[in-house]
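Residues in the sequence shown are numbered from 1 upward in steps of one, following the UniProt record's numbering.
All C-beta atoms, glycine included, are put in the ideal place defined by N, C-alpha and C.
What follows is one structure encoded as structure tokens, with my remarks underneath.
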Amino acid sequence: YEARCRDTTIHNTFMYGDMKGVHAVLKDPCMVNALMETVHEEMVWAPELGMWTMSSKIKQTSALRLAASKGHSGCVEELLFRGAEVDADPGGSTALHDACIGGYDSCVQLLLAHGADPDLLAEDGSAPLHLCSTAQTFQCAELLVTGGAEVNVFTSETKLTPLHVVARRGLEEHVKLFLSHGADVSARNREGETPLNAACAGAERPAEAGWYLRVVQMLLGAGADPCTAGRKHHTPLHNACSNCSPRIAEILLQHGAKADVQNCAGYTPMDCLLQVVEDYPDQHPEAVARSLLNHGAKAGKSLMLKLCLLSPATLEVMLNCYTVVPSCEEWMQSIPLEIHETHQGFFDSVRQMTSQPRSLQHLCRCALRRHLGKGIDAAISRLDIPSSLMEYLLLRNEGEIQ
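And the structure:
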């Protein structure tokens with residue numbers, strides 16, 4: 001670098017896109033590629049002293065990076081015209097990385113037109129495509145892939161592809177774009193997880209469930225394997241159940257996900273669901289439980305039923321897999337008063353049927369489901385029976401135990 005500059009006034013000139021100021025500063029040609037430095041005081045641990053001390057840390061950047069990070073395309077264009085090094089990476093990143101983070105497509109277009117390397121890794125191991133990770137960055141991602149960026153580039157440490165990143169964030173337009181340019185749905189990160197694992201793990205908020213469902217559908221449609229597990233043997237279905245995502249769990253099962261597979265901790269998808277029922281009582285955990293049971297999952301130990309107290313509907317689905325209602329008086333005392341009052345009829349029926357013979361109709365249901373084995377859902381849907389009976393066999397909620 002020809003020069004170093006710690007003048008914050010000059011830094012701000014480029015950050016705020018003050019073109020009058022920019023022209024004044026650039027009268028000195030050395031400033032085009034000058035190293036912009038800021039000094040920060042921060043607390044660091046000094047083991048030799050056994051205490052925290054103040055230390056100066058220098059942060060480096062460039063005029064081009066400052067302008068690109070704020071989307072000032074006029075300033076970026078002026079700097080490039082005057083010979084700014086397009087791939088310079090003071091501080092560990094280039095202007096292209098900064099423009100992608102901010103979603104400034106006009107700056108991305110300028111930088112690519114002036115020869116910026118679309119696959120250059122930043123110091124943290126990210127390529128520009130990895131940084132197109134918000135809805136606002138779609139145009140940037142489109143410019144990069146049409147400009148020749150490698151769509152299957154890995155981060156240097158975590159081995160994430162851009163598809164892993166956008167699938168984890170539920171960005172359906174990005175996913176569609178990357179798939180159309182050859183993104184590998186089978187690519188595995190350092191933990192052995194695919195983009196499908198990432199999408200199912202990211203679907204944590206109910207308001208975004210639709211986005212993630214469409215991403216999962218696109219990945220499955222492109223050939224993603226729903227049975228692929230990471231190093232901890234955690235499958236996409238484990239993730240979907242841990243997030244209590246009914247529609248995602250159902251579509252994974254329809255595409256062949258195994259309902260009873262165990263992860264390295266010995267947990268099945270049903271175990272993962274039951275552990276979070278209390279966290280997601282309003283996200284229809286009973287629908288997830290029903291899907292799992294209708295695709296061959298086991299109901300599990302009766303001790304786990306106490307985890308369903310905040311979701312009587314889930315408790316009903318689980319109890320309807322038992323030929324005899326197990327004793328539950330001990331943990332029934334823990335039911336919150338409000339829930340007990342709202343669902344008193346259901347809980348009364350549970351108490352009444354505890355250790356009592358179930359109805360013949362229910363016992364026939366259990367026998368038929370046991371006979372059909374793991375393909376319950378598909379087998380029952382092929383039976384020539386009334387829809388009401390079909391729903392009963394598939395564990396429809398009725399609000400009481402018989």
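As the crow flies, the alpha-carbon of proline 206 is around 34 Å from that of alanine 149. Looking at the DSSP output, serine 56 shares a beta bridge with Glu41. In this structure, DSSP gives serine 327 a state outside helix and strand, which the three-state scheme calls coil. In the three-state DSSP reduction, leucine 79 falls in the helix class (H, G or I). Per DSSP, the unbroken alpha helix (DSSP H) holding glutamate 391 starts and ends at 387 to 393. For the alpha helix (DSSP H) assignment, the uninterrupted runs of no fewer than 4 residues enclosed by the UniProt repeat "ANK" (158 to 190) are, from N- to C-terminal side, 162 to 168 and 172 to 180. When secondary structure is reduced to three states using DSSP, alanine 149 falls in the coil class, being assigned neither helix nor strand. Looking only at Gly210, Arg351 and Asp98, the smallest Cα-Cα distance to cysteine 140 is reached by Asp98. In the DSSP assignment, lysine 20 falls within the alpha helix (DSSP H) that extends over 19 to 25.
Short of 8 Å from the beta carbon of phenylalanine 347, and not among the five residues preceding or following it, lie these beta carbons of its own chain, in chain order: Pro312, Met332, Ile335 and His340.
Per the coordinates, the alpha-carbon of glutamate 329 lies some 59 Å from the alpha-carbon of glutamate 123.
In the DSSP assignment, aspartate 348 falls within the unbroken alpha helix (DSSP H) covering 344 to 353. Residue burial is scored here from C-beta neighbours: tryptophan 52 has fewer than 16 other C-beta atoms within 10 angstroms and is therefore classed as exposed. Isoleucine 248: member of the alpha helix (DSSP H) spanning 246 to 254, first to last residue.
Nearest to alanine 88 by C-alpha distance, out of Ser73, Pro357 and Leu64, is Leu64. Put simply, of Gly50, Glu400 and Ile58 the residue whose alpha carbon is nearest the alpha carbon of glutamate 41 is Ile58.
For the options Lys298, Asp384 and His343, the alpha carbon positioned closest to that of arginine 369 is the one of Lys298.
Separation of the CB atoms of serine 291 and alanine 249 is rounded to 5 Å, and the pair is thereby assigned contact status at 8 Å.
Between leucine 307 and glutamate 278, the beta carbon gap of about 7 Å places them in contact (Cβ cut-off 8 Å). In this structure, DSSP gives leucine 35 an extended state, which the three-state scheme calls strand. Rounded to whole angstroms, the Cβ separation of proline 281 and leucine 310 is 4 Å, and the two are in contact under 8 Å.
In the DSSP assignment, histidine 238 falls within the unbroken alpha helix (DSSP H) covering 236 to 242. Going by beta carbons, leucine 66 and phenylalanine 14 fall inside the 7 Å limit. Within its own chain, the residues whose Cβ lies closer than 6 Å to the Cβ of proline 326, once the five positions on either side in sequence are excluded, are Ser302, listed in chain order. The alpha-carbon separation between alanine 24 and valine 32 amounts to approximately 12 Å.
About 5 Å separates the beta carbons of asparagine 152 and aspartate 184, which is inside the 8 Å limit, making them a contact pair. Following the DSSP letters along the chain, one finds asparagine 263 in no alpha helix (DSSP H), marked with neither H nor E. Here asparagine 189 has Thr158, Lys159, Leu160 and His164 as same chain residues with Cβ atoms under 7 Å from its own Cβ, once five neighbours each way along the sequence are excluded. The closest CA to that of glutamine 275, considering only Gln283, Cys264 and Met304, is found on Met304. For aspartate 282, there is no enclosing alpha helix (DSSP H), as DSSP marks it with neither H nor E.
Taking C-beta separations shorter than 8 Å and ignoring five residues to either side along the sequence, the partners of serine 359 in its chain run Gln402, following chain order. By the C-beta density criterion, histidine 371 is exposed, having fewer than 16 other C-beta atoms within 10 angstroms. In the DSSP assignment, serine 381 falls within the alpha helix (DSSP H) that extends over 376 to 381. Put simply, of Glu191, Leu196 and Gly192 the residue whose alpha carbon is nearest the alpha carbon of leucine 179 is Leu196. For leucine 131, same chain residues with a beta-carbon under 7 Å away, outside a window of 5 residues either side, are His97, Cys100 and Ile101 in chain order. Here isoleucine 385 is exposed. Its C-beta has fewer than 16 other C-beta atoms within 10 Å.
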